[in-house]
Amino acid sequence: MGYSRKQAENTINTGLLDLSKMEEFLEKGLAKLSPEDRAHVQSVIDSSPFKKEAEEARQALTNSKFDI
Amino acid sequence: MRLEIELDNGEIQDIEDADKIMIEIDHTERGVNSKGVVTLKNLNFRKISADIINRDIANALADGGRSIWEGTPFKIRLIEGSESIILFNGFVDKSSGQTEFSCDLVKAEIRESGSKTWLEEDRAGGFGFDLLFEKGLITKNDFIFIPSEDNTVPDVDQLRILRATFFMSAVEIARIVKDFADLLVETAGVFTTIPALIKLGFMIFYLIISLARILSLFIDMVQATFQPVKYQAAMKLETLLKKGAEYIGMEFISSKFDDPFWKQVVIMPEKPTQMKSIGIGSLDILQFISGSLRPLDNKQKGFYNGTYKALMLEVTKLWNAKTIVKDGVIRMERRDFGVQAHDVKLPDLEMKGQGTNARQRKATKIFRFASDSLETNTVDNLKGTILSVTTTIKSVDNPENVISKGADRVDINLSLATEKKTLTGPQIYFNEILKTIQKIASKLKVPLPDLSSLIEARKGILLLSDGTSGVPKIFAISEGSTPTTTKIHKDNRERLSAKGIYNESYTIDSFVVSPDNPNGNHFRFRDVPKHNMCFNDIKSVIVNPSIFKGETEVFIETASIQATTGLVEQMRIKENEVFDKQLEEILYEADGL
Chain A
12 MGYSRKQAEN TINTGLLDLS KMEEFLEKGL AKLSPEDRAH VQSVIDSSPF
62 KKEAEEARQA LTNSKFDI
Chain D
886 MRLEIELDNG EIQDIEDADK IMIEIDHTER GVNSKGVVTL KNLNFRKISA
936 DIINRDIANA LADGGRSIWE GTPFKIRLIE GSESIILFNG FVDKSSGQTE
986 FSCDLVKAEI RESGSKTWLE EDRAGGFGFD LLFEKGLITK NDFIFIPSED
1036 NTVPDVDQLR ILRATFFMSA VEIARIVKDF ADLLVETAGV FTTIPALIKL
1086 GFMIFYLIIS LARILSLFID MVQATFQPVK YQAAMKLETL LKKGAEYIGM
1136 EFISSKFDDP FWKQVVIMPE KPTQMKSIGI GSLDILQFIS GSLRPLDNKQ
1186 KGFYNGTYKA LMLEVTKLWN AKTIVKDGVI RMERRDFGVQ AHDVKLPDLE
1236 MKGQGTNARQ RKATKIFRFA SDSLETNTVD NLKGTILSVT TTIKSVDNPE
1286 NVISKGADRV DINLSLATEK KTLTGPQIYF NEILKTIQKI ASKLKVPLPD
1336 LSSLIEARKG ILLLSDGTSG VPKIFAISEG STPTTTKIHK DNRERLSAKG
1386 IYNESYTIDS FVVSPDNPNG NHFRFRDVPK HNMCFNDIKS VIVNPSIFKG
1436 ETEVFIETAS IQATTGLVEQ MRIKENEVFD KQLEEILYEA DGL
């Protein structure tokens, strides 16, 4: 099952990336891997410093405050 | 009729020439606020009464004694049979420089207790509203918090930077979109290989970080360039007037406050210091944009920064008012208020004419609210601030013979308020940005309300140039259930403008006759010959100038009546009678153009 440029553009046609769609791709892809491979990919992703930074960024925005 | 004189609540008999005491009535425009008064300047108190006053003075040093600045009570009653009138209810002013003391003679100045003169000369100028706040008579609960927005921020340069930043952010989003699209094509939309999944995982992190940064950047931009709703503490005019009266043990009333508009009029004191909008520290984005803050945490003070007397003076100008002080009540009303006919009749005597009040006409009258160099909306939105009213003769044959002189000014030391009627250009632009912010926020699962409609809700609030002001403002509000929903009253600028004040309060002074005002402010004066007045008539005309000449109601201007005999030695009356129909009125409202 192919995924054309056209379909790719449709995925993002709101002008913004659909984060939940990407997360869905990741989840489905991981499910298709063997348990060993899944654990490996998960460990590489989880050990990335970007993960922590992304979580912190999202958390910071949720609690965003202004000093005025 | 006989006089009874009381000093320090005991009857006395030894005032020099007490039988010559005259009742002087002054209902002229100049003395419009006074009722009949008794002429009692520099009375000579002989032995017994001098002893009472001297003892009172000596007691000022004793514990619980009466201060020099609290007068010794002094009353004069006019008595006939079982009826009496208090002609004079006052005090001996022991603090006056005119007062001379010796052991058996006191030559003292007499003041009327709780009178207009007492209020204006001795009391109202002696305290300000700050004192009432310090004493707890005015509290924070008396403050009304007025939402306001600054309209000088963002300026054009800030808007340019904003647009550039927004463009760069859009480019960054587009780049992430492209990277993801490339990855989708590369993997044919099927992520089953280890490298593709790791790449996808990293890309998700990168996207979150990027979106978070962009969102954070937008929020910073909002903070830097989009003014939050600020709150300015003010007080209702009625509350200020009532609190001031309460402080001096009196009650304030005015029929003006039966009008729902005046009931909602506030005075917002000047704020020369740039406000930190609320002074409560951190706010979330919803509060920031909507202004749904906690203004009562604010440390601002909302009382008028001046004396009670200064405020009364401004109200006098706004309402063309007279002040009546009587029986513990301060009453301010339009000059023509409350003159009700009663059945006192003048005897059928030949009266000499003494001309008209034509000389009182001023060719030009200028009404002006203050402008404020710190609050430039008062200049930019000038219309309504200045009105000039000129009366001219419609048709003139000999211009060199025309008498048309004089200019009166009514300078009101309060500035007008500008209402936010539309969104500014930057706000319209921001509205678009906020829609994008909301999309990004929803991707990151950061809940945000409909920010765009919150900006729209700002219409109708007070507009300030940069949050500071150097002159107190006056305006009417439509008070919301919470401070956030309080707006400027829809009729504010129509009624609280120079023209509005003229129409409401000053047309009664006009010499131009009209169907609504057929006799205009035209009066003929007449002198009434000497005659006698009975006790009941004296009692009436002391407080009410209305009197009948035959079937026609006329008004006493001045009168001088011997208290013990009722002999009217002098009386001048005026009759509202048109004497000229050749004038027309031209109104000009300055608009700054």
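Going line by line, the protein sequences match chains A and D. This note's numbering numbers the first residue of the first sequence as 12 and each following residue consecutively. This note's numbering numbers the first residue of the second sequence as 886 and each following residue consecutively. Glycine included, each C-beta is placed from N, C-alpha and C at the ideal position.
Through-space distance from residue j to residue i, alpha-carbon basis
i, j, result
"GLY1240 of chain D", "SER1445 of chain D", "20 Å"
"SER919 of chain D", "SER1140 of chain D", "Since pLDDT at SER919 of chain D reaches only 46, below the 50 mark, its modelled position is unreliable, and the value read off the structure follows with that caveat. Approximately 19 Å between the Cα atoms of the pair."
"ASP1282 of chain D", "GLU1341 of chain D", "60 Å"
"ASN1461 of chain D", "ILE938 of chain D", "47 Å"
"GLY1291 of chain D", "LEU1196 of chain D", "27 Å"
"SER1395 of chain D", "HIS1407 of chain D", "9 Å"
"GLY1365 of chain D", "PHE1018 of chain D", "25 Å"
"LYS1306 of chain D", "GLY1345 of chain D", "6 Å"
"ILE1278 of chain D", "GLY1451 of chain D", "45 Å"
"ASN1262 of chain D", "ASN1026 of chain D", "29 Å"
"ILE1423 of chain D", "LYS1194 of chain D", "32 Å"
"ILE933 of chain D", "LYS1020 of chain D", "41 Å"
"GLU1218 of chain D", "GLY1435 of chain D", "29 Å"
"THR1124 of chain D", "ARG1380 of chain D", "20 Å"
"PHE36 of chain A", "TYR1314 of chain D", "36 Å"
"VAL977 of chain D", "GLY949 of chain D", "19 Å"
"GLU1317 of chain D", "VAL1041 of chain D", "17 Å"
"GLU896 of chain D", "PHE1410 of chain D", "41 Å"
"SER1363 of chain D", "SER1033 of chain D", "14 Å"
"GLU64 of chain A", "ILE1094 of chain D", "7 Å"
"VAL1062 of chain D", "THR1024 of chain D", "58 Å"
"ARG887 of chain D", "ARG931 of chain D", "20 Å"
"HIS1227 of chain D", "ILE1432 of chain D", "7 Å"
"GLY13 of chain A", "VAL1075 of chain D", "The pLDDT assigned to GLY13 of chain A is 46, lower than 50, so where the model puts this residue is not dependable, and the model offers no usable value."
"ARG1098 of chain D", "ALA1055 of chain D", "12 Å"
"LEU935 of chain D", "CYS988 of chain D", "Rather than Leu, the amino acid found at residue 935 of chain D in this sequence is Ala. Rounded to whole angstroms, ALA935 of chain D to CYS988 of chain D spans 7 Å at the Cα level."
Exposure label - residue i; buried when at least 16 CB within 10 Å
i, result
"PHE1052 of chain D", "exposed"
"TRP954 of chain D", "exposed"
"SER31 of chain A", "exposed"
"LEU1472 of chain D", "exposed"
"ARG1343 of chain D", "buried"
"ASP1257 of chain D", "buried"
"ASN1417 of chain D", "exposed"
"GLY1013 of chain D", "buried"
"PRO1080 of chain D", "exposed"
"GLN70 of chain A", "exposed"
"VAL1295 of chain D", "buried"
"ILE964 of chain D", "exposed"
"ALA68 of chain A", "buried"
"THR1072 of chain D", "buried"
"SER1399 of chain D", "exposed"
Where the beta strand (DSSP E) containing residue i begins and where it ends
i, result
"GLU1442 of chain D", "1437–1447"
"PRO958 of chain D", "957–965"
"TYR1473 of chain D", "1468–1474"
"ARG1380 of chain D", "First-last for ARG1380 of chain D: 1377–1380, but that is the alpha helix (DSSP H), not the beta strand (DSSP E)."
"VAL1150 of chain D", "1150–1153"
"GLU1136 of chain D", "1136–1138"
"ALA1361 of chain D", "1358–1363"
Residue i - containing alpha helix (DSSP H), residue span
i, result
"VAL1264 of chain D", "1262–1265"
"ASP1015 of chain D", "1014–1019"
"GLN53 of chain A", "46–57"
"GLY1129 of chain D", "1122–1132"
"GLY1385 of chain D", "1383–1386"
Same chain, Cβ closer than 8 Å to residue i, neighbours up to 5 away in sequence not counted
i, result
"GLU1136 of chain D", "LYS1127, ALA1130, GLY1213, VAL1214 and ILE1215"
"SER1280 of chain D", "GLN1467"
"PHE1065 of chain D", "MET1088 and LEU1092"
Own chain residues within Cβ distance below 6 Å of residue i, not counting five before or after
i, result
"LEU1272 of chain D", "PHE1252, ALA1383, LYS1384, TYR1387 and GLU1474"
"PRO1430 of chain D", "HIS912, PHE1440 and ILE1441"
"LYS1121 of chain D", "VAL1151"
"GLU891 of chain D", "LYS960"
Supposed contact pair residue j and residue i - C-beta distance, whole angstroms, cut 8 Å
i, j, result
"GLN1447 of chain D", "MET907 of chain D", "6 Å"
"LEU1348 of chain D", "THR1303 of chain D", "5 Å"
"THR1201 of chain D", "THR1208 of chain D", "7 Å"
"GLY1269 of chain D", "LEU1301 of chain D", "6 Å"
"ALA1119 of chain D", "ILE1029 of chain D", "5 Å"
"THR1275 of chain D", "THR1249 of chain D", "5 Å"
Partners in chain B for residue i, counting only beta-carbon separations shorter than 8 Å
i, result
"GLU34 of chain A", "Judged by its chain identifiers, the structure shown contains no chain B, and its protein chains are A and D."
Own chain partners of residue i with C-beta closer than 7 Å, once the 5 adjacent residues on each side are dropped
i, result
"PHE1254 of chain D", "THR1270, ILE1297, LEU1299, SER1300, LEU1301 and ALA1383"
"ILE971 of chain D", "LYS960 and ARG962"
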